[in-house]
Amino acid sequence: MTRRSTPMEGGLPLLTKEKIEAILEARFGDGFKSLRELPSPSQLHDMDRAAERIVRAIEKKERIVVVGDYDVDGVVSTALMEEFFEIVGYPVQSLIPNRFRDGYGISPNIVDRIEADLVVTVDNGITAFEAAERCKARGIDLIITDHHTPAETLPDAFAIVNPKKSECSFAYPEICGAQVAWFLIGALKQRMGIDLKMGRFLDLLALAIVADVMPLISINRPLVQKGLEMLSASRRPAFEAVRAYLGKSRFTAEDIGYGIAPRINSAGRMEDASVALRFLRARNLGEASEGWLALDGLNRKRRRIEAETTQAALEQADPGAPLLVVAGEGWHEGVVGIVASRLVDRFKKPAIVLSIDGERAKGSGRSIGDVDLFGLLEASREVLTGFGGHKMAAGLSLKAGDIEALRERICDHAARLDPSLFLPKENVLGVLPVGEIDWELMEILNRYEPYGEANQRPKFLIKNISVIDANAIGAEKNHMRLLLGDKNFSLQAIQFGFEKMVSPGRNIDVSGTLQVNEFNGRRSIQLLVDKIY
């Protein structure tokens, strides 16, 4: 039969196992780090000052309040701090702002509601200028621990621990808020001279690192590796419930990203993050199971509202704009970030999705390639009432009447950028001959796990392979199971949410990732199909 050219084929190398291993190894420029190579907490600027102040508060029996955030990273950060203070036997109050009533992070309203001598933020606070002033006016010392990109000036706080501060020489700035909180616990452990194994927290920490899309290289890799091992056997009731309901005994970073994190995130998106915090801190399996079912229900509700909002956003989107800005009256604030991601996937350009509530608008943005969304918002800050985040994702607020002004300004700035910055990072390694697909290859791929941000699971292009069999599966018949190959070779494959059925006997080009499929005690190699050409 006549061969078609594959749209993505140009320039892709022909791969061998040796070439694949060399490509993967190059991702780890500083080599594979071990847990023994983790830096001292003191390398974070202001860490010693923060730890000393917290210890002094404990010694003087002062009132300590921990203020977290409503996403997975913030909830895990709060859970870590609660667990630490429980271990040392010191009572603290923890508070996670409600997305709908309080907005993001610590705010003057939050400060007015609490009675404290010391406030410690986790995963937020780096742009909390007004809250810092309110704390000062009330005689409250404020310690900010965060990882989001700081502005040129910083809040007037007692101490600010953030690896992205210009004054901070911490060697690994790409860590999440829960990691900063974990390092703070390490500093407190040292200062208090207590016997505490920091590894006990790694199941929770892995959850936050993956959910907050941190690069899975450098020091993040061994933390997630060990955390995933722990998650598979953790006696924490929350993870016992996860294993029971997902029916898994071994977890990958993708399991966190697609199975666990969305459910935990759904609490803050749809209702209140305290539901997720109670789940992670559950005292027994019954309490944890009840919490998981509540999160699962909230996640189903989130998916339904997200689908409706995505459709409305698609109808508004201008495909010709360099950056998409869409807005809707009453759009659910809890799904705008996910909808922005859907627009990025569809149009291959950054997107901002705003929910309008009377005279105000609030929303989230997501980026693509190497476009610095935070920088674009900073360049458009004159029409914003607030913004924060980092290069790939950000939150923002503004007057509803200024949406068009924002669209004009930010699109003008985006149009001046080098077009190459907008290219999506597809991460297709090259053309993989079927003769290279065996258990030796799977062992090579396994050595470079966990896969995720900055270490994407390798995607391959397999050319001109025959379809032996194809069937629609699933309750809604929206997934396709395939058997590919010939009389000498066969490969199981599955495509989720397929668009068009393929016919047996047809030769196809197909891109996807390889995984080990375990069923009834049998292991086989399976292709998770991305596209069929």
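Here numbering that gives the first Met the number 0 is used: the first residue of the sequence shown is 0, the next is one more, and so on. Glycine included, every Cβ here is placed at the ideal spot set by N, Cα and C.
Original post:
Can you tell which of Asp101, Ile63 and Leu79 has the C-alpha that lies nearest to the C-alpha of tyrosine 89?
Top reply: In the sequence shown, the residue the question calls residue 89 occupies position 90. For tyrosine 89, the closest alpha carbon among the candidates Asp101, Ile63 and Leu79 is that of Ile63.
Subject >> Same chain, Cβ closer than 7 angstroms to glycine 520, five either side skipped, listed in chain order >> reply: Position 521 of the sequence shown, counting from 1, holds the residue named residue 520. Counting only Cβ-Cβ distances below 7 angstroms, and skipping sequence neighbours, we find nothing.
Subject >> Where the beta strand (DSSP E) containing phenylalanine 182 begins and where it ends >> reply: Within the sequence shown, residue 182 is the residue found at index 183, counting from 1. From DSSP, phenylalanine 182 is part of no beta strand (DSSP E) but of the alpha helix (DSSP H) over 176-191.
**OP:** Report back the beta-carbon spacing between asparagine 123 and isoleucine 105 to the nearest angstrom; my notes put them in contact at under 8 angstroms.
**Re:** As a first step, residue 123 must be located in the sequence shown, where it is residue number 124. As a first step, residue 105 must be located in the sequence shown, where it is residue number 106. With 8 angstroms as the limit, asparagine 123 and isoleucine 105 qualify as a contact, their Cβ atoms being about 6 angstroms apart.
Original post:
Does the Cβ of lysine 196 have 16 or more other Cβ atoms within 10 Å, making it buried, or fewer, making it exposed?
Top reply: Here residue 196 refers to the residue found at position 197 when the sequence shown is read from its first residue. Exposed.
**OP:** Can you tell me which of the three DSSP states histidine 478 falls into?
**Re:** In the sequence shown, counting from the first residue as 1, residue 478 sits at position 479. Here histidine 478 sits in strand by DSSP.
Original post:
From serine 523 to alanine 21, what distance separates their C-alpha atoms?
Top reply: Along the sequence shown, one-based indexing puts residue 523 at 524. Along the sequence shown, one-based indexing puts residue 21 at 22. Answer to the nearest angstrom: the Cα atoms are 25 angstroms apart.
**OP:** Compare the beta carbon distance of cysteine 167 and methionine 213 with 7 angstroms and say whether it is the shorter of the two.
**Re:** By one-based count along the sequence shown, residue 167 stands at place 168. By one-based count along the sequence shown, residue 213 stands at place 214. Contact: no.
Original post:
Looking only at DSSP bridge pairs, what is alanine 512 linked to?
Top reply: For the purposes of this step, residue 512 is taken as residue 513 along the sequence shown, with counting starting at 1. In the sequence as presented, alanine is not what sits at residue 512; that position holds threonine. Threonine 512 pairs with Leu527.
**OP:** Locate the beta strand (DSSP E) running through asparagine 463, then write down its first and last residues.
**Re:** Within the sequence shown, numbered from 1, the residue matching residue 463 stands at position 464. Run containing asparagine 463: 458-472, per the beta strand (DSSP E) assignment.
**OP:** Determine the DSSP secondary structure at arginine 522, reduced to helix, strand or coil.
**Re:** Start at 1 with the first residue of the sequence shown, and residue 522 comes out as number 523. Arginine 522 falls in the strand class under three-state DSSP.
Original post:
Quick one, which of Lys135, Tyr171 and Gly28 has its alpha-carbon nearest phenylalanine 157's?
Top reply: Reading the sequence shown from its first residue, position 158 is the one you call residue 157. The shortest C-alpha separation from phenylalanine 157 is found at Lys135.
**OP:** Leaving out five residues on either side along the sequence, give the residues of the same chain with a beta carbon under 6 angstroms from the beta carbon of glycine 333.
**Re:** The residue given as residue 333 occupies position 334 in the sequence shown. These residues qualify, in order along the chain: Arg268 and Met269.
Original post:
Opposite serine 354 in the DSSP bridges: which residues?
Top reply: As a first step, residue 354 must be located in the sequence shown, where it is residue number 355. For serine 354, which the question treats as bridged, DSSP gives the partners Gly327 and Lys361.
**OP:** State the Cα-Cα distance for the pair leucine 372 and serine 489, rounded to the nearest angstrom.
**Re:** The residue labelled residue 372 in the question sits at position 373 within the sequence shown. The residue labelled residue 489 in the question sits at position 490 within the sequence shown. The straight-line gap from Cα to Cα measures roughly 44 angstroms.
Original post:
With valine 75 and isoleucine 95 assumed to form a contact (beta carbons below 8 angstroms), what rounded beta-carbon distance in angstroms separates them?
Top reply: Looking up residue 75 in the sequence shown gives position 76. Looking up residue 95 in the sequence shown gives position 96. 11 angstroms between Cβ atoms; not a contact.
**OP:** Would you mind sorting methionine 0 into buried or exposed? The rule is 16 or more other CB atoms within 10 Å of its CB.
**Re:** Position 1 of the sequence shown, counted from the start, is the residue given in the question as residue 0. At methionine 0 the pLDDT is 37, less than 50, meaning the model places this residue with poor confidence; the figure from the coordinates comes in the next sentence. Exposed, since its Cβ has fewer than 16 Cβ neighbours within 10 Å.
Subject >> Three-way DSSP call (helix, strand, coil) for isoleucine 143 in this model >> reply: Numbered from its first residue, the sequence shown carries residue 143 at position 144. Isoleucine 143 falls in the strand class under three-state DSSP.
Subject >> Within 7 angstroms, strictly: CB atoms of alanine 131 and proline 107 >> reply: Translated into positions along the sequence shown, residue 131 becomes position 132. Translated into positions along the sequence shown, residue 107 becomes position 108. No, Cβ-Cβ distance for alanine 131 and proline 107 is not below 7 angstroms.
Original post:
If you compare alpha carbons, which of Ile193, Asp211, Tyr257 and Ile436 is closest to valine 179?
Top reply: Taking the sequence shown and counting its residues from 1, the one referred to as residue 179 is at position 180. Cα-wise, what sits closest to valine 179 is Asp211.
Original post:
By DSSP, does isoleucine 436 sit in helix, in strand, or in coil?
Top reply: Sequence index remark: in the sequence shown, residue 436 carries index 437 (1-based). Residue state, collapsed to three classes: coil.
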